[in-house]
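Participant:
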Amino acid sequence: MTDPAIEIIDYTWKYLHSDGEAVRGINLSIAQGECIGLVGSNGSGKTTIANSIDGLIPGQYHGVKKGEVKVFGTEVEDYKRGELQRTVGLVFSDPEAQFTAMTVEDELVFGMENLGLGLEEIRERLEWACDLADLHALLEKPPYEISGGQKQRVALAAVLAMRPRILILDEPTAMLDPISRAKVFDVLSRLRQEQEITMVLIEHTLEHIVPLADRMVLLGDGRVLHDAPTRAFFDDLERIRVQGVVPPGVVGFSGWLRQTQRYAGESALFLDEAADQARRSVAASTAGENR
Amino acid sequence: MSYVEVDHLNFSYPDGTPALEDVSVSLDTGEMIALIGQNGSGKTTLSKCLNGLLHPTSGSVRVDGRDSRKTAIADMVKRVGYVFQNPDHQLFNATCRDEIAYGPRNIGIEEDEVAVRVEEARAVVGLPESELDEHPFFLTKGLRQRVAIAAILALRPRVIIVDEPTTGQDARQSVEIMEFLTGLNRDHGHTIVIVTHDMDIVARFADRLLVMADKRLVADGPPSEIFGNPEVMSRASIAPPQITRLALELSDLGLPSDILSLEEMIEAFSKL
Chain A
166 MTDPAIEIID
176 YTWKYLHSDG
186 EAVRGINLSI
196 AQGECIGLVG
206 SNGSGKTTIA
216 NSIDGLIPGQ
226 YHGVKKGEVK
236 VFGTEVEDYK
246 RGELQRTVGL
256 VFSDPEAQFT
266 AMTVEDELVF
276 GMENLGLGLE
286 EIRERLEWAC
296 DLADLHALLE
306 KPPYEISGGQ
316 KQRVALAAVL
326 AMRPRILILD
336 EPTAMLDPIS
346 RAKVFDVLSR
356 LRQEQEITMV
366 LIEHTLEHIV
376 PLADRMVLLG
386 DGRVLHDAPT
396 RAFFDDLERI
406 RVQGVVPPGV
416 VGFSGWLRQT
426 QRYAGESALF
436 LDEAADQARR
446 SVAASTAGEN
456 R
Chain B
1264 MSYVEVDHLN
1274 FSYPDGTPAL
1284 EDVSVSLDTG
1294 EMIALIGQNG
1304 SGKTTLSKCL
1314 NGLLHPTSGS
1324 VRVDGRDSRK
1334 TAIADMVKRV
1344 GYVFQNPDHQ
1354 LFNATCRDEI
1364 AYGPRNIGIE
1374 EDEVAVRVEE
1384 ARAVVGLPES
1394 ELDEHPFFLT
1404 KGLRQRVAIA
1414 AILALRPRVI
1424 IVDEPTTGQD
1434 ARQSVEIMEF
1444 LTGLNRDHGH
1454 TIVIVTHDMD
1464 IVARFADRLL
1474 VMADKRLVAD
1484 GPPSEIFGNP
1494 EVMSRASIAP
1504 PQITRLALEL
1514 SDLGLPSDIL
1524 SLEEMIEAFS
1534 KL
């Protein structure tokens, strides 16, 4: 059997100068090629988990670690310097935090040069990443002259060009307008079709991750409170809402249809499904009245 | 006459790039407004024209009867305040107290009066007194945002523009910030303009929407009316809240087109 991409076992982390544990008793296994949505209120431990997978914890932070965090079967602390970062790519909500170069092209090439790739390989990957993120027209531009949405696509492409096997996205579209956001998610779904990549997606707006995520994990107060395939995740909406997490509008509506016995079946995830459930419930009640 | 009168405003950056074309709009005191549109549509440029940071290339901006071109910036910022999207781009003093006092001091207010205003602004934003002498960067983002707003409030502007107040905040924090801004509007009579991409927030909190697209103001009206207008939505590349789209999709069942929240949807659907 192949190792899971990420396996977290009885994991607890406490930052050195904080009172409580940031995450406690986490058990989480993510298969290769799986995409999970990680949700919870601020302070619930989402970013701590993301940083534990890419080795920033315990590498860059002081604290106390218990339990195991394995990436492709190897404990993150046992990876050689730089090797884990080659395996796990990280994209933040503020792309400027990661820019260093004077043109978009240099920005994209920088990481690959650092990997020591040959010129031909760099050229090939640059082409591939630019196609995927639609960046050809921007290559000569300085990163500070392009729009927020373009910046985030550059940041994403720069990470993808390193060909990470795991991609962690921490609120990648928080600063973007709806069109730019849709473009970023479009890049991610094309990426999933093209290659086997494991994704961990952190987002406050569930409507955006539902189309991508195979599975959703709810965190609260540093613990995993709910972990289920995306559709089943929404079986019990109260459990999600008490954590301050708001289900997408159509999921909320579908939940109400089911709760009030207007519709029997699984939760809708998308607008067309919810519309269908609504129509069926109206048709059923009309048929009932006419009988 | 309205408190803010924007008349055929055109603005081009020094290199000639146009950013606003023929914008006319008036804002009254006590309004709760959302300014929406894609990145690059002109929202921030318009905001900066309103508080006098930028001057019209042609046309005019009048605030409280004063032409922005003929009025000192210190006089403008007393009337229209602008809170940055990222409070960290605005906060630079070593304590919250100095941060809030900075604006009034800068426009020449006496120290006694500055102290009064700091206390007033602190109380309004609900910053604990114990935090006043803290470094802003030791506070949570929610509190830093409040300090940034308090720093603007201390100038006592009638109009407060807040750029993306809920970015990076979770659902609960977003509602908390918006309820706070609604309180400023309701209890203190400030005109609040939020610049945002979050249509659920818009639907829930704004009474009036200004929609920018490609440097122009393309719509101005209540959210229920604008979200129900597919032409405006597509021109501005904006999607109404998901629940509104569902109601529009089901309009043949007899659902109204002005549904903005799950609660309204459930109420309307129950009546079918």
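Chains as they are written, first to last, in the numbering used here: chain A, 166 to 456; chain B, 1264 to 1535. Even glycine gets a Cβ: it sits at the ideal position worked out from N, Cα and C. The structure presented is a predicted model; accordingly, all values stated were derived computationally and were not measured.
(1) With 16 as the cutoff for other CB atoms within 10 Å, does residue 318/A come out buried or exposed?
(2) In the DSSP assignment, the beta strand (DSSP E) including residue 233/A goes from what residue to what residue?
(3) Could you run through the region 301 to 317 of chain A and flag, in chain order, every residue whose CB is less than 8 Å away from some CB of chain B?
(4) Beta-carbon within less than 6 Å of residue 1395/B's beta-carbon, same chain only, minus the 5 sequence neighbours each way: which residues are those?
(5) Output yes or no for whether 9 Å exceeds the beta carbon distance between residue 1379/B and residue 1412/B.
(6) On the CB-based measure, 16 or more other CB atoms within 10 Å of its CB, does residue 358/A come out buried or exposed?
(7) Would you call residue 1278/B buried or exposed, if buried means 16 or more other Cβ atoms sit within 10 Å of its Cβ?
(8) Taking only beta-carbon atoms, is residue 342/A less than 9 Å away from chain B?
(9) In whole angstroms, what is the alpha-carbon distance linking residue 1280/B and residue 1342/B?
(10) For the structure I just gave you, are there three or more beta carbon pairs, one from the region 202 to 214 of chain A and one from the region 264 to 273 of chain A, closer than 8 Å?
(11) Which class does residue 131/A belong to by DSSP, given the choice of helix, strand or coil?
(12) Comparing C-alpha positions only, which one of 1304/B, 1529/B, 1286/B and 1287/B sits nearest to residue 342/A?
(13) Classify residue 1434/B as buried or exposed, calling it buried when 16 or more other Cβ atoms lie within 10 Å of its own Cβ.
(14) Going by C-alpha to C-alpha distance, which of 433/A, 443/A, 435/A and 426/A sits closest to residue 1528/B?
(15) Within the 9 Å Cβ cut-off, does residue 258/A reach chain B?
(16) Does the Cβ-Cβ distance between residue 323/A and residue 302/A come in under 9 Å?
(17) Could you pull out every residue in the same chain whose Cβ sits closer than 8 Å to the Cβ of residue 354/A, ignoring the five residues on either side in sequence?
(18) Is residue 327/A closer than 9 Å to residue 254/A when the C-beta atoms are compared?
(19) Rounded to whole angstroms, what is the Cα-Cα separation between residue 238/A and residue 196/A?
(20) Hey, could you find the ends of the alpha helix (DSSP H) residue 1446/B is sitting in?
(21) Would you mind working out which of 296/A, 435/A, 222/A and 218/A sits nearest residue 334/A, comparing C-alpha positions?
(22) Taking C-beta pairs closer than 7 Å, name the residues in chain B that residue 206/A reaches, listed in chain order.
(23) Smallest Cα separation from residue 427/A: which of 360/A, 306/A and 451/A?
(24) Give the DSSP-derived three-state secondary structure of residue 1407/B in the structure shown.
(25) Could you tell me whether the region 1390 to 1407 of chain B touches the region 1297 to 1315 of chain B, using the rule of 3 or more Cβ pairs below 8 Å?
(26) Measure from the C-beta of residue 329/A to each C-beta in chain B and report whether the shortest distance is under 9 Å.
(27) Are residue 1292/B and residue 1454/B close, meaning C-beta to C-beta below 9 Å?
(28) Measure the C-alpha to C-alpha separation of residue 1327/B and residue 338/A and round it to an integer number of angstroms.
(29) Please give me, in chain order, every unbroken run of the alpha helix (DSSP H) with length at least 4 that falls completely inside the region 352 to 378 of chain A.
(30) Using a cut-off of 8 Å between C-beta atoms, extract the partners of residue 417/A located in chain B.
(31) Take residue 1364/B and list the residues in its own chain whose beta-carbon comes closer than 6 Å to its own, dropping the five residues that flank it on each side.
(32) Span of the beta strand (DSSP E) holding residue 191/A?
(33) Helix, strand or coil, according to DSSP, for residue 1277/B in the structure here?
(34) Can you confirm whether residue 202/A, when its beta carbon is compared against all beta carbons of chain B, has any partner nearer than 9 Å?
(35) I want to see whether chain A comes within less than 9 Å of residue 1535/B, judged by CB atoms only; does it?
(36) Just the C-alpha distance for residue 226/A and residue 383/A, rounded to the nearest angstrom, thanks.
Facilitator: Answer, in terms of the structure:
(1) buried
(2) 228 to 236
(3) 312, 313 and 314
(4) 1359 and 1360
(5) no
(6) exposed
(7) exposed
(8) yes
(9) 28 Å
(10) no
(11) Past the edges of chain A, shown from 166 to 456, lies residue 131/A, and the structure says nothing about it.
(12) 1304/B
(13) buried
(14) 443/A
(15) yes
(16) no
(17) 376 and 377
(18) yes
(19) 11 Å
(20) 1434 to 1451
(21) 218/A
(22) 1433 and 1435
(23) 451/A
(24) helix
(25) no
(26) no
(27) yes
(28) 38 Å
(29) 371 to 374
(30) 1506 and 1525
(31) 1377 and 1381
(32) 188 to 195
(33) coil
(34) no
(35) yes
(36) 24 Å
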